[in-house]
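The block underneath contains the structure these notes are about, expressed in structure tokens.
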Amino acid sequence: HFAIAPARLGALAFKPSLNNQNTSMRSTIRFATFLVCLAVIASAALGAGSERRILVYTKNGKGFVHDNIAASVEALKKLGVENNIAVDASDDPSVFTDANLKRYKALVFDNTNNEILDTEEQKAALQRYLKAGGGFVGLHSASGSMRQWPWFWSVLGGKFVRHPKLQPFTIKVKDRQHLSTAHLPESFEWTDEFYFVDNMPEGLHVLLAGDLTKLNDPAKEKYPGTKFGNEFPLAWCHEVEGGRAWYTALGHKKEYYSDPILTKHILGGILWAMGETK
């Protein structure tokens, strides 16, 4: 019965009203579709920008190459799976471009050593990455990388000098609240290469320190001597060049990359470098 009433108004009166209504409905649908598309695009962009992704870099120049790299890469990928972090691994310095590095929350220099970048532009890309707020993580022999580049030393926290023979020593935890050390006791025994570095910048926040008093090292009187007292820093972090840098000297033995003492230590360092504090 309702369909009869509009007919009484006449065909000319009814059709324009229906057309207007349809036009308005189509416009509303198009606008709603447009808004949905915008939301999808914005969501995708936000997801891409906030993705927890790291680059594990393993390049070694001429000189000693650790046999722990395969084990360490496998461990880092496992940590990624367990902690919702995408992990890319490469030993190719061509990955150091602005476009590529901006994809990563942190760069992990995994037992890199000696000359690890080929060009000035690659070095500049690393500098720009850090200045834009990027994260830097150095593992073990990373302190022996780029030994002619003071900027790199200042970011990592020092330049490798030497180590005595592999041996057990005592490590003291200097900050038990940090993400990378909260799982550790106040002190513990560890067997490793005790790394000495120099050119350490001011402002490093020391996380772990090795006890020098019982260390078998005939050369320790020459360096570090008494500069650091009875302890020498073995892990630290700092904010530098606009970004965050974390380093640990631990990790010579490949077996350690399946040891939670080291893997949790490294995971905490990565999270901190990514800007996560809890």
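The sequence shown lines up with residues 123 to 400 when you count with this note's numbering. Idealized CB from N, CA, C, for every residue including glycine.
Residue i CB to nearest heavy atom of the ligand FMN below 7 Å
i           : result
residue 221 : With respect to the ligand FMN, the structure offers nothing, as it holds no ligand at all.
Residues of its chain near residue i, where Cβ-Cβ distance is below 6 Å and the 5 sequence neighbours each way are ignored
i           : result
residue 244 : 215, 218
residue 226 : 175, 176, 177
residue 256 : 365
residue 253 : 363, 364
residue 390 : 301, 302
residue 323 : 276
Whole-angstrom distance between residue j and residue i, CA atom to CA atom
i           : j           : result
residue 327 : residue 359 : 5 Å
residue 209 : residue 369 : 18 Å
residue 321 : residue 275 : 7 Å
residue 374 : residue 190 : 7 Å
residue 372 : residue 356 : 7 Å
residue 285 : residue 393 : 28 Å
residue 292 : residue 384 : 15 Å
residue 270 : residue 377 : 31 Å
residue 289 : residue 341 : 15 Å
Residues that DSSP places opposite residue i in a beta bridge
i           : result
residue 317 : The partner list for residue 317 (beta bridge, DSSP) is empty, contrary to what the question assumes.
residue 257 : 228, 366
residue 184 : Residue 184 pairs with nothing; no bridge assigned.
residue 311 : 292
residue 379 : Per DSSP, none; premise fails for residue 379.
residue 177 : 210, 229
N- and C-terminal bounds of the beta strand (DSSP E) containing residue i
i           : result
residue 293 : 289-295
residue 212 : 208-212
residue 277 : Segment 272-278 is the alpha helix (DSSP H) holding residue 277; no beta strand (DSSP E) there.
residue 330 : 327-333
residue 281 : 281-284
Host alpha helix (DSSP H) of residue i (start-end)
i           : result
residue 383 : 382-395
residue 264 : No alpha helix (DSSP H) holds residue 264; DSSP gives it neither H nor E.
residue 223 : 220-223
Burial state of residue i, where buried means 16 or more other Cβ atoms lie within 10 Å
i           : result
residue 306 : buried
residue 203 : exposed
residue 180 : buried
residue 246 : exposed
residue 265 : buried
residue 351 : exposed
residue 315 : buried
residue 309 : exposed
Close Cβ partners of residue i (< 7 Å) along its chain, the five nearest in sequence each way excluded
i           : result
residue 79  : Past the edges of the chain, shown from 123 to 400, lies residue 79, and the structure says nothing about it.
residue 250 : 220
Close beta carbons around residue i, own chain, < 8 Å, minus the five adjacent residues each side
i           : result
residue 196 : 379
residue 235 : 182, 183, 185, 186, 187, 188, 263, 264, 266, 267
residue 297 : 303, 327, 328, 329
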